[in-house]
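Visitor: The structure is given below, and queries will be raised subsequently.
2 protein chains.
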Amino acid sequence: MQRGLPRAEYEGRLARAQAMMAQAGLDALLLTTEPDIRYFTGFLTRFWESPSRPWFLVVPTQGLPVAVIPSIGAALMAQTWIEDIRTWRAPDLQDDGVSLLIDTLGAAGARIGTPMGYESHLRMPLGDWARVQAGLRAPVVGDAGIVGRLRALKSDAEIAKIARACKIAGRAFARVPEIAAVGVPLSQVFREFQRLCLGEGADWVPYLAGGAAQGGYGDVISPADDAALVEGDVLMLDTGLVWDGYFCDFDRNYSLGPPDPTTTAAHARLIDAVDAAVEIARPGATAAHLFEAMDAIVTGGVGGSDAGRLGHGVGMQLTEGLSLTPHDNTVLEAGMVLTLEPGIEVGPGKIMVHEEDIVITESAPRFLSPRAPREMVQL
Amino acid sequence: MQRGLPRAEYEGRLARAQAMMAQAGLDALLLTTEPDIRYFTGFLTRFWESPSRPWFLVVPTQGLPVAVIPSIGAALMAQTWIEDIRTWRAPDLQDDGVSLLIDTLGAAGARIGTPMGYESHLRMPLGDWARVQAGLRAPVVGDAGIVGRLRALKSDAEIAKIARACKIAGRAFARVPEIAAVGVPLSQVFREFQRLCLGEGADWVPYLAGGAAQGGYGDVISPADDAALVEGDVLMLDTGLVWDGYFCDFDRNYSLGPPDPTTTAAHARLIDAVDAAVEIARPGATAAHLFEAMDAIVTGGVGGSDAGRLGHGVGMQLTEGLSLTPHDNTVLEAGMVLTLEPGIEVGPGKIMVHEEDIVITESAPRFLSPRAPREMVQL
Numbered sequence: 193m194q195r196g197l198p199r200a201e202y203e204g205r206l207a208r209a210q211a212m213m214a215q216a217g218l219d220a221l222l223l224t225t226e227p228d229i230r231y232f233t234g235f236l237t238r239f240w241e242s243p244s245r246p247w248f249l250v251v252p253t254q255g256l257p258v259a260v261i262p263s264i265g266a267a268l269m270a271q272t273w274i275e276d277i278r279t280w281r282a283p284d285l286q287d288d289g290v291s292l293l294i295d296t297l298g299a300a301g302a303r304i305g306t307p308m309g310y311e312s313h314l315r316m317p318l319g320d321w322a323r324v325q326a327g328l329r330a331p332v333v334g335d336a337g338i339v340g341r342l343r344a345l346k347s348d349a350e351i352a353k354i355a356r357a358c359k360i361a362g363r364a365f366a367r368v369p370e371i372a373a374v375g376v377p378l379s380q381v382f383r384e385f386q387r388l389c390l391g392e393g394a395d396w397v398p399y400l401a402g403g404a405a406q407g408g409y410g411d412v413i414s415p416a417d418d419a420a421l422v423e424g425d426v427l428m429l430d431t432g433l434v435w436d437g438y439f440c441d442f443d444r445n446y447s448l449g450p451p452d453p454t455t456t457a458a459h460a461r462l463i464d465a466v467d468a469a470v471e472i473a474r475p476g477a478t479a480a481h482l483f484e485a486m487d488a489i490v491t492g493g494v495g496g497s498d499a500g501r502l503g504h505g506v507g508m509q510l511t512e513g514l515s516l517t518p519h520d521n522t523v524l525e526a527g528m529v530l531t532l533e534p535g536i537e538v539g540p541g542k543i544m545v546h547e548e549d550i551v552i553t554e555s556a557p558r559f560l561s562p563r564a565p566r567e568m569v570q571l
Numbered sequence: 193m194q195r196g197l198p199r200a201e202y203e204g205r206l207a208r209a210q211a212m213m214a215q216a217g218l219d220a221l222l223l224t225t226e227p228d229i230r231y232f233t234g235f236l237t238r239f240w241e242s243p244s245r246p247w248f249l250v251v252p253t254q255g256l257p258v259a260v261i262p263s264i265g266a267a268l269m270a271q272t273w274i275e276d277i278r279t280w281r282a283p284d285l286q287d288d289g290v291s292l293l294i295d296t297l298g299a300a301g302a303r304i305g306t307p308m309g310y311e312s313h314l315r316m317p318l319g320d321w322a323r324v325q326a327g328l329r330a331p332v333v334g335d336a337g338i339v340g341r342l343r344a345l346k347s348d349a350e351i352a353k354i355a356r357a358c359k360i361a362g363r364a365f366a367r368v369p370e371i372a373a374v375g376v377p378l379s380q381v382f383r384e385f386q387r388l389c390l391g392e393g394a395d396w397v398p399y400l401a402g403g404a405a406q407g408g409y410g411d412v413i414s415p416a417d418d419a420a421l422v423e424g425d426v427l428m429l430d431t432g433l434v435w436d437g438y439f440c441d442f443d444r445n446y447s448l449g450p451p452d453p454t455t456t457a458a459h460a461r462l463i464d465a466v467d468a469a470v471e472i473a474r475p476g477a478t479a480a481h482l483f484e485a486m487d488a489i490v491t492g493g494v495g496g497s498d499a500g501r502l503g504h505g506v507g508m509q510l511t512e513g514l515s516l517t518p519h520d521n522t523v524l525e526a527g528m529v530l531t532l533e534p535g536i537e538v539g540p541g542k543i544m545v546h547e548e549d550i551v552i553t554e555s556a557p558r559f560l561s562p563r564a565p566r567e568m569v570q571l
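Protein chains in written order, with the numbering used here: chain D, 193 to 571; chain W, 193 to 571.
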């Protein structure tokens, strides 16, 4: 599979954005985060791990986006389809791109939009943001949800990359019996699982969480401790690995020795919940519909749990876009990729969570993760 | 080595912050980013990879910090020393922690500070930020640099964690001859190097960049492509791996076959530049002094390059705090950990960069990374 995306893909994204900007009355979009900038440019680097430098992309209503970036990134940005690359030597404590950005935005027009809604943030210092706004003709407004709506619908090429990430993780999960057994510290399982992911073809492994405890675990976001696995533990590993900038996000549960009946039944219900959501996951259904279908099975329909949601969009980020909650009425469309992530309480302070990745199509959804069987794998 | 930090360490951080807040006339600090919240709580999770939920910590002038967080994180936060944990079921599209945060901040006082300066950002949607500010008695102000100044000085326990991360990376770098050779694709080298880092004990590998090209490389932030290494290439790998939440950040250069005289000389000059900085890296010297010492050697003193700086602080983040630039007059103090990262132009559009990690002490700095020899390792 080819890395990168054809130029036509970026042209399409830009054309759709510009049409939506015209409708929303925006003269330009200002983007500051890794996925938003990559979406319009293809600029792919792990350098965002460093918080020290801000990066800006200005999407005008006509013509190509303009990159306003630290000079350290100029060579890499020049390999993308972006032609107008304006740089400064960051970090500059006096003027860290502020005046360059003001000039670029000012030339683009008076009405600038930037993502301000759910899940967004502005990746630059608030102090500099005040200076930028003071230098513009009018206050910056929201982006009318444009970037989020565009990113929610994946192209075939994007889906293929997510599918590849899912396949890599699936092969790694299938090899967990090689690395996890009674007596092995959880921290070692985490390290070895990441090695399996890389060995199976992941570019990198941005996310791994999980837990191991008797009959269920306390939460799904903890890092590993050095405690050894013991008989009767349920081991859960949840990974978001990346291939060419696209994530998978799903988990698997394993039983150390034969699972007890409660665990067995809980796992089967999690699978049932996924099946119930898949049954109705068609264009026209909403995120809330999928939530209700799963919640009916895992809680009897009480309306949710402390997890806050039972799945979410996935793509250029580990989680993005819609949330499977009672109140998210986003209508599903073909090309949306999402996780189904039901959780169930198996005892006081103990849960089990199962997760799969699917893509919405015109008919039945397609599993991107290799579907887990009803019966847990025993280690 | 123990994971985590003793409670006394958090008590000390809080006491110092509260003293500085009193001096700055602040009633509370509002923190929203992973390292800032972890600094005062010990809350360690890779779940921050998901952008979907905001997390808040309120540090009052008296008493313990208050966590205002999504309910999915309550169990993990309850394992820290934080007692007052207020949760909501995020994501909530109607009120994603906004009213809970307003209540908490309002009770803390009128004068709220949050990091607004260099390298900071506010990790929540701008739309919700406007709602929070509208609910407070007075506009939120900057944090008077308090968090950055506190984080810049590392305790012995923190330095030990960074040193351990450096040792792990050092062992992985020493094993690069096992994985890199003429004919191996760079993407495979990247994957295998991350596997080495994990195998040597890294919890995870948040950062890896590098390059490989004849006699030097085009930049230092690119991901790997699938091109095979060839004789005469200089291979550079730059990693930021983590042990128990603390980073190392340094690189190594390798020659595929015997290096040509230009490459050999360039590498030796990079080592000389590090030596020159180490020579003067004492309490009382400034970041700018270290820059000048290295710049004199790598450019003849022209005042910098497109990299923007020749080193930086490191700790809970890959890069943090001071920058070795002509204009950063931060005074070095014992307990600061920084990288020395001179770069040199070896041809048109071609550079070489070398990096080591040191800690400032009362006398000569101590190398945390296992110092590289003047002669490049041949593969």
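Backbone N, C-alpha and C define an ideal beta-carbon position, used for all residues, glycine too.
Predicted model only: the values in this text are computed from it and were never measured.
1) For threonine 522/D and alanine 479/D, which I take to be in contact (beta-carbon distance under 8 Å), what is that distance rounded to the nearest angstrom?
2) Is aspartate 430/D helix, strand or coil when you go by DSSP?
3) Taking only the alpha-carbon atoms, compute the straight-line gap between proline 557/D and isoleucine 550/D and give it to the nearest angstrom.
4) Which of the three DSSP states is assigned to glutamine 570/W in this structure?
5) Would you kindly report the start and end of the unbroken alpha helix (DSSP H) that includes leucine 482/W?
6) Between the C-alpha atoms of arginine 208/W and serine 347/W, what's the straight-line distance to the nearest angstrom?
7) Please confirm whether tryptophan 396/W has its beta-carbon closer than 8 Å to some beta-carbon of chain D.
8) At 9 Å on the CB atoms, spell out the chain W contacts of leucine 318/D, in chain order.
9) Determine, for glutamine 215/W, whether the minimum Cβ-Cβ distance to residues of chain D falls below 8 Å.
10) Going by Cα to Cα distance, which pick from Ala211/D, Thr224/D and Ser244/D is closest to glycine 255/D?
11) Scan the region 396–427 of chain W for residues whose Cβ lies nearer than 8 Å to a Cβ of chain D and list them as they occur along the chain.
12) Could you have a look at glycine 527/W and say whether DSSP puts it in helix, strand or coil?
13) Where does arginine 199/D land, buried or exposed, given buried means 16+ other C-beta within 10 angstroms?
14) Of all the residues that make up the region 510–537 of chain W, which are near chain D by a beta-carbon distance shorter than 8 Å?
15) Can you tell me which of Ile536/W, Leu502/W, Pro227/W and Asp228/W puts its alpha carbon nearest to the alpha carbon of proline 518/W?
16) For the region 355–368 of chain W against the region 403–423 of chain W, are there 3 or more C-beta pairs whose distance is under 8 Å?
17) Residues in the region 479–509 of chain W with C-beta within 7 Å of chain D's C-beta atoms, listed in sequence order?
18) By the criterion of Cβ-Cβ separation under 7 Å, what are the contact partners of glutamate 241/D in chain W?
19) Which residue wins for smallest C-alpha separation from glycine 496/W, given the options Pro262/W, Glu423/W, Ala322/W and His481/W?
20) Return the residue from the list Ala266/W, Met568/W, Ser447/W and Trp240/W that minimises the CA-CA distance to threonine 224/W.
21) Got a sec: is the Cβ-Cβ distance from glutamine 286/D to anything in chain W below 8 Å?
22) Answer yes or no: does any C-beta atom of chain D fall closer than 8 Å to that of glycine 327/W?
23) By DSSP, does lysine 542/D sit in helix, in strand, or in coil?
24) Look at the Cβ atom of arginine 278/W, then the Cβ atom of threonine 296/W, and state whether they are nearer than 8 Å.
25) Does any residue of chain D have a CB that is nearer than 8 Å to the CB of alanine 282/W?
26) Leucine 421/D and alanine 404/D: beta carbons closer than 8 Å?
27) Excluding five sequence neighbours on each side, which residues of the same chain lie with their C-beta closer than 6 Å to the C-beta of alanine 216/W?
28) Using a threshold of 8 Å, state whether the C-beta atoms of glycine 449/D and glutamate 423/D are closer than that.
29) Can you tell me whether glutamine 286/W is buried or exposed? The criterion is at least 16 other CB atoms within 10 Å of its CB, across all chains shown.
30) Which residues does DSSP list as the beta-bridge partners of arginine 199/D?
31) Along the chain, which unbroken stretches of the beta strand (DSSP E) at least 3 residues long are found entirely within the region 366–416 of chain W?
32) Between proline 540/W and chain D, is any beta-carbon pair separated by less than 8 Å?
33) If we cut at 8 Å on Cβ distances, does proline 562/D have a partner in chain W?
34) Taking all protein chains shown into account, decide if methionine 193/W is buried (16 or more other Cβ within 10 angstroms of its Cβ) or exposed.
35) Classify threonine 465/D as buried or exposed, calling it buried when 16 or more other Cβ atoms lie within 10 Å of its own Cβ.
36) Tell whether a beta-carbon distance below 8 Å holds between glycine 513/D and arginine 343/D.
Guide: Quick look at the numbers:
1) 5 Å
2) strand
3) 6 Å
4) DSSP places glutamine 570/W in strand when its eight states are reduced to three.
5) 479–490
6) 13 Å
7) At least one chain D Cβ lies under 8 Å of tryptophan 396/W.
8) Thr306, Pro307, Met308, Gly309, Ser312, His313, Leu314, Trp321, Val332 and Gly334
9) no
10) Ala211/D
11) Correct list: Trp396, Val397, Pro398, Tyr399, Leu400, Ala401, Gly410, Asp411, Val412, Ile413, Ser414, Pro415, Ala416, Asp417 and Asp418.
12) Here DSSP, grouped into helix, strand and coil, assigns glycine 527/W to coil.
13) exposed
14) Leu510, Thr511, Glu512, Ser515, Thr517, His519 and Asp520
15) Closest in C-alpha terms to proline 518/W, from the list Ile536/W, Leu502/W, Pro227/W and Asp228/W, comes Leu502/W.
16) no
17) Gly496, Asp498, Ala499, Gly500, Arg501, His504 and Gln509
18) Pro398, Tyr399, Gly432 and Leu510
19) His481/W
20) Trp240/W
21) yes
22) no
23) Here lysine 542/D sits in strand by DSSP.
24) yes
25) yes
26) yes
27) Ala336
28) yes
29) exposed
30) Paired residues: none, contrary to the question.
31) 396–406
32) Judged by the 8 Å Cβ criterion, proline 540/W is not in contact with chain D.
33) no
34) exposed
35) According to the sequence provided, residue 465/D is alanine. The question's threonine does not apply to it. By the 10 Å Cβ count, alanine 465/D comes out buried.
36) If you check the CB distance, glycine 513/D and arginine 343/D come in under 8 Å.
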